[in-house]
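Notes for the one structure printed next.
Residue numbers (the working numbering): 103 to 798.
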């Protein structure tokens, strides 16, 4: 087929840019005489070009503008960058005076063709027309394809078959059926997640090879969000998603084959014979297995949810025992379908269902509990002409490393939560929380451990700062003691004495120590960047001070920060220092070159302090707080503080006096030669490093 034949039955439009309308009329005549359905529009200047393009779609622009052709082409190129209608429209320039350099200039400026011989006008214009029509046809087909893909996507979204798109091994799309199969609530839970992370058993290597093959089919073991494994038959085909090539996979769960007698026995050993759900014993085994897995994982979690039918006696009056059995079977299936791959559903008591869920957080578990109650509210069972509804309550708890390891104890707790919900009303759900009045010591410890971990995870710890003021005129460094605060879920402040003692009982105090160190170093770093020199005095627990890894960890953080001076001080009580002298001396040697130091707290309450200094030399000591109680009235305390100060001066050590609560105490301390003082009289702890040190 010749070029003319390829376009002779297709109408097309040319915008002819020339100062002569007659030339445009002549061009149209020549093209129509050649058997072409040509329409030629004239534009004598750029304004006319804009107007013509606004009202008439064109397939080719033909510039015959003499010496001004280059200027017109440049203007058109700028317009094309803003006007989508010009996308793909070939621009042809006629210039019979153009040499090689001029032709190259036209092409660089965006010309499709440059014609230098009048005899070539018609054949070269036809080439441009064919190109323009081909682009228009391609755009039309692309639009049709996009519409078709949109229709297909809507069909896939609503399909009962599980479908996902995988690109470079990552999920980029999954329909509702796929999410339900694997127990995910939202595509956000899977988006950009590697499908290989779901592979269980020996499936990972086979699945990795499978993803490199188009139009394949195989069966793999996949792990649901609930943590249990299912066998899934997966088939793949090449596809595109949002214009990008990818792999489309179809997934169908392989149901358990119970043909073999041994497999039948194993199957029925796990199942409740009435409902077909898992039975209580099997779920208890899975609960304890999941609890053991949580101990082995760094961030392991899970949930346990109990749904109980409250009006079972009333239902039995209307439909009898057989009807009740049928209701339990039917309703149990609906619960299992709603939970999907998020967990395992078992019949627990005569009229209750127990669900072991995977890595759902408390909020998502609460949402599922509410959803199951809503499912019950809408459920109607009909037997003959009799219809009944069910009333339910739900209780749930979070499984973590603080939870008991025995399933029976966990289930007892979730039953108590469900009972509490039932007492408060119908279709309610409640999280298990120990009653402070009746909870065992272990339950309270668990609750505190969970509370502290959640506070660390949710950034509900904060620091407050109390200024340490120099009485000797030292203003170069701004000194503050650091105190840690914790806020409860409801925003209320928890007493430090309460949560710190609980953290020590639950082995979480070191996590708090590290948070304090990191936060303090960050505050110092920010101050240095702002041109200041804040020095922070922090308290570290006995557990961290005895941990050899703690010193290395702090050193690494200080090395990264590169403090310009000794700006981080760790306060160690004299009592604790006496039992770890060698370790603390090593820690002091590690910290000093990096901008850190140790200071000894609690001086004056006994005679051990100065003996310890022979083994652990420090630059600063702090007076014991009990000596500052009623200081202005207690002559013995004043005398003891004076002795400590004089001893420190002889050893060239600075002295900090805390708990200065009134002007009288300050007037007594000043003549003693005390270096630094702090207390609520000067300023109570504040959330920011703001204090006017110049006032002292």
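For every residue, glycine included, the Cβ atom is placed at its ideal position computed from N, Cα and C.
In this text the structure is predicted, and so the values were computed from the model without any measurement.
Next item on the list: Grab me the residues of residue 655's own chain with a C-beta within less than 6 Å of its C-beta, minus the 5 sequence neighbours each way, in chain order.
Entry: none
Item checked: Spatial neighbours of residue 519 in its chain, beta-carbon cut-off 6 Å, leaving aside the 5 residues before and after -> 497, 532 and 534
Item checked: Continuous beta strand (DSSP E) stretch holding residue 196: start and end -> 193-196
Notebook entry, point to check: If we ignore side chains and look at the alpha-carbon of each, how far apart do residue 351 and residue 557 end up?
Noted result: 41 Å
Check: Who are residue 354's beta bridge partners in DSSP?
Finding: 335
Next item on the list: Tell whether a beta-carbon distance below 8 Å holds between residue 625 and residue 780.
Entry: no
Note to self: What ranges does the beta strand (DSSP E) occupy inside the segment 514-577, keeping only unbroken runs of at least 3 residues that lie completely in it?
What the structure shows: 531-533 and 563-572
Checklist line | residue 723 (DSSP reduced to helix, strand or coil) | finding: strand
Next item on the list: Quick one: give me the first and last residue of the alpha helix (DSSP H) that residue 647 is part of.
Entry: 644-647
Next item on the list: State the CB to CB distance for the pair residue 724 and residue 760, rounded to an integer number of angstroms; the pair is presumed to be in contact (CB under 8 Å).
Entry: 6 Å
Notebook entry, point to check: With a CB to CB cut of under 7 Å and the five nearest residues on each side skipped, what residues in its chain are close to residue 280?
Noted result: 264, 265, 266 and 353
Checklist line | Bridge-paired residues (DSSP) for residue 319 | finding: 337
Check: Any contact of the segment 509-517 with the segment 427-441, i.e. 3+ C-beta pairs under 8 Å?
Finding: no
Notebook entry, point to check: Counting pairs of Cβ atoms below 8 Å between the segment 466-483 and the segment 377-389, do you hit three or more?
Noted result: no
Next item on the list: Determine, using beta carbons only, whether residue 489 and residue 481 come nearer to each other than 8 Å.
Entry: no
Note to self: Taking only three categories from DSSP, how would you classify residue 452?
What the structure shows: coil
Margin query: Give me the residue from 113, 778 and 153 with the minimum Cα distance to residue 750.
Written below: 778
Notebook entry, point to check: Roughly how many angstroms lie between the CA atoms of residue 336 and residue 268, to the nearest whole one?
Noted result: 12 Å
Notebook entry, point to check: What span of residues does the alpha helix (DSSP H) with residue 741 cover, start to end?
Noted result: 737-752
Check: With a CB to CB cut of under 6 Å and the five nearest residues on each side skipped, what residues in its chain are close to residue 627?
Finding: 663
Note to self: Tell me which residues share the same chain as residue 596 and place their Cβ nearer than 6 Å to its Cβ, disregarding the 5 neighbours each side in the sequence.
What the structure shows: 588 and 590
Check: Hey, how far is the Cα of residue 147 from the Cα of residue 154?
Finding: 11 Å
Next item on the list: For residue 774, I'd like the list of residues in its chain whose CB is within less than 6 Å of its CB, leaving aside the five on either flank, ordered along the chain.
Entry: 744 and 747
Notebook entry, point to check: By the 10 Å Cβ neighbour count, where 16 or more other Cβ atoms means buried, how is residue 398 classified, buried or exposed?
Noted result: exposed
Notebook entry, point to check: So is residue 604 buried or exposed if we call it buried at 16+ other beta carbons inside 10 Å?
Noted result: buried
Check: At what residues does the alpha helix (DSSP H) containing residue 297 begin and finish?
Finding: First-last for residue 297: undefined, no H or E at that position.
Margin query: What does the Cβ neighbour count give for residue 612, buried or exposed, with the cut at 16 atoms within 10 Å?
Written below: buried
Item checked: Own chain partners of residue 284 with C-beta closer than 6 Å, once the 5 adjacent residues on each side are dropped -> 326 and 443
Notebook entry, point to check: Which whole-angstrom value describes the C-beta separation of residue 343 and residue 274, a residue pair presumed to lie in contact below a C-beta threshold of 8 Å?
Noted result: 6 Å
Notebook entry, point to check: Which runs of the beta strand (DSSP E) fall wholly inside the segment 193-245 and span at least 3 residues, in chain order?
Noted result: 193-196 and 215-217
Notebook entry, point to check: Which value, in whole angstroms, describes the spacing of the CA atoms of residue 407 and residue 310?
Noted result: 35 Å
Item checked: Three-pair Cβ contact test at 8 Å for the segment 179-197 versus the segment 158-166 -> yes
Next item on the list: Look up residue 629 in the DSSP assignment and give the residues it is bridged to.
Entry: According to DSSP, which records beta bridges pairwise, residue 629 is partnered with nothing at all.
Check: Which word fits residue 127, buried or exposed, when buried means at least 16 other C-beta atoms lie within 10 angstroms of its C-beta?
Finding: exposed
Notebook entry, point to check: Since residue 675 is in the beta strand (DSSP E), which residue starts that stretch and which ends it?
Noted result: 670-675
Item checked: residue 174 - partner residues in DSSP beta bridges -> For residue 174, which the question treats as bridged, DSSP gives no partner whatsoever.
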